[in-house]
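Top line first, the protein sequences correspond to chains U and C. For the first sequence, numbering that gives the first Met the number 0 begins at 0 and goes up steadily by one. For the second sequence, numbering that gives the first Met the number 0 begins at 0 and goes up steadily by one. Positions of the beta carbon are idealized from the N, C-alpha and C atoms, including for glycine.
Number of protein chains: 2
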Amino acid sequence: MSSAIEEIERELVSAIDGDRLAQTFKAIADPTRVRILHALALAELPVCDIARLVQTSESAVSHQLSLLRAAQIVRRRKIGRHVFYALDDTHIRGLIEVGLAHLAHS
Amino acid sequence: MSSAIEEIERELVSAIDGDRLAQTFKAIADPTRVRILHALALAELPVCDIARLVQTSESAVSHQLSLLRAAQIVRRRKIGRHVFYALDDTHIRGLIEVGLAHLAHS
DNA sequence: CTAATATCTGAGCAACTGTTCAGATATTAT
DNA sequence: ATAATATCTGAACAGTTGCTCAGATATTAG
Chain U
0 MSSAIEEIER
10 ELVSAIDGDR
20 LAQTFKAIAD
30 PTRVRILHAL
40 ALAELPVCDI
50 ARLVQTSESA
60 VSHQLSLLRA
70 AQIVRRRKIG
80 RHVFYALDDT
90 HIRGLIEVGL
100 AHLAHS
Chain C
0 MSSAIEEIER
10 ELVSAIDGDR
20 LAQTFKAIAD
30 PTRVRILHAL
40 ALAELPVCDI
50 ARLVQTSESA
60 VSHQLSLLRA
70 AQIVRRRKIG
80 RHVFYALDDT
90 HIRGLIEVGL
100 AHLAHS
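Laid out in structure tokens, this is it:
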């Protein structure tokens with residue numbers, strides 16, 4: 000016979016997947032990044048426009064975008080002297096939507 | 000006539016809501032906390048069991064739980080010398096589910 | 001009562017994060 | 001060619017975070 004705890008132990012996400020899961024949430028868990036991602040959920044945008052929208056320096060936005068790109072959450076595409084960024088992950092949009100629903104009902 | 004940017008500017012989450020949104024994700028964006036929350040999504044549990052499940056000291060777990068309680072994500076209920084914790088937020092379960100789906104398809 | 005168990009708490013510290021600043025690179029306009 | 005615009009990058013610095021450690025409190029067992 001197996002205890003209830005052992006049952007949970009089997010279903011519980013592994014330490015490794017816990018790390019990966021936390022990594023995913025960390026990418027969104029910042030005021031600047033979450034607004035960048037929300038903007039990109041609405042449209043593909045160049046860095047300068049993102050910077051204006053989220054009221055942050057272009058340098059800071061560029062740093063955050065390269066972080067998001069390393070996490071494979073956004074993709075970039077160069078057009079002339081602009082670099083357009085777009086969401087490159089279906090689930091991120093879903094996470095932001097659930098997050099916004101949470102704000103609405105609290 | 001209004002530009003596309005102005006359209007996005009109107010729809011974009013405000014700086015204040017961006018902060019609140021980031022706060023919500025921050026609460027989940029940690030390897031220890033995300034596993035604690037996943038465990039609590041499976042059952043109501045006392046601190047000592049949570050500590051064993053996530054392989055972290057009871058002190059560290061207690062610190063994390065008080066943080067999650069301050070964020071109104073978990074609730075506590077004392078029974079004898081045990082303190083049972085449980086999820087106190089519908090959306091957190093949803094966020095973890097979407098996060099796990101993300102791991103599965105990548 | 002005393003010992004054992006369960007939980008909490010504050011201080012301290014090492015690691016991490018997000019920004020600014022200075023400067024590099026690339027593209028386009030004049 | 002020169003200037004202006006757009007983007008990127010590394011270093012540095014302040015602020016935050018998550019842990020350990022020591023010790024406090026509370027409940028129950030013997």
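Beta-carbon neighbours of residue i, restricted to chain C and to distances below 9 Å
| i | result |
| --- | --- |
| Ile4/U | Ala42, Leu44, Asp48, Arg51, Leu52 |
| Leu86/U | The contacting residues do not exist; Leu86/U stays about 13 Å from chain C at best. |
Pair within 8 Å by beta-carbon distance, residue i and residue j
| i | j | result |
| --- | --- | --- |
| Phe24/U | Val12/C | no |
| Leu66/C | Leu102/U | no |
| Ile7/C | Leu36/U | no |
| Ile49/C | Ile72/C | no |
| Tyr84/C | Leu52/C | no |
| Ala28/U | Ala28/C | yes |
| Val97/U | Gly79/C | no |
Cβ neighbour criterion (16 or more within 10 Å) applied to residue i
| i | result |
| --- | --- |
| His81/C | exposed |
| Ala38/C | buried |
| Gln63/U | buried |
| Ile95/C | buried |
| Thr31/U | buried |
| Gly17/U | buried |
| Ala14/U | exposed |
| Ala26/U | buried |
Contact list for residue i against chain C, beta-carbon separation under 8 Å
| i | result |
| --- | --- |
| Leu64/U | Within chain C, no residue comes near Leu64/U; the closest Cβ sits about 16 Å away, beyond 8 Å. |
Chain U residues whose Cβ lies nearer than 7 Å to that of residue i
| i | result |
| --- | --- |
| Gly93/C | Val97 |
| Leu102/C | Asp16, Arg19, Leu20 |
7 Å Cβ cut-off: residues of chain C touching residue i
| i | result |
| --- | --- |
| Gly17/U | Pro30, Val33, Arg34 |
Per-residue contacts from residue i into chain U (C-beta, under 8 Å)
| i | result |
| --- | --- |
| Phe83/C | The contacting residues do not exist; Phe83/C stays about 13 Å from chain U at best. |
| Val12/C | Val33, Arg34, His37, Leu99 |
Integer Cβ distance of residue i from residue j, believed to fall under 8 Å
| i | j | result |
| --- | --- | --- |
| Ser61/C | Val46/C | 6 Å |
| Arg74/U | Asp87/U | 4 Å |
(Q) Threshold first: 3 residues or longer. Then list the beta strand (DSSP E) segments lying entirely within the stretch 24–82 of chain U, N to C. (A) 73–78
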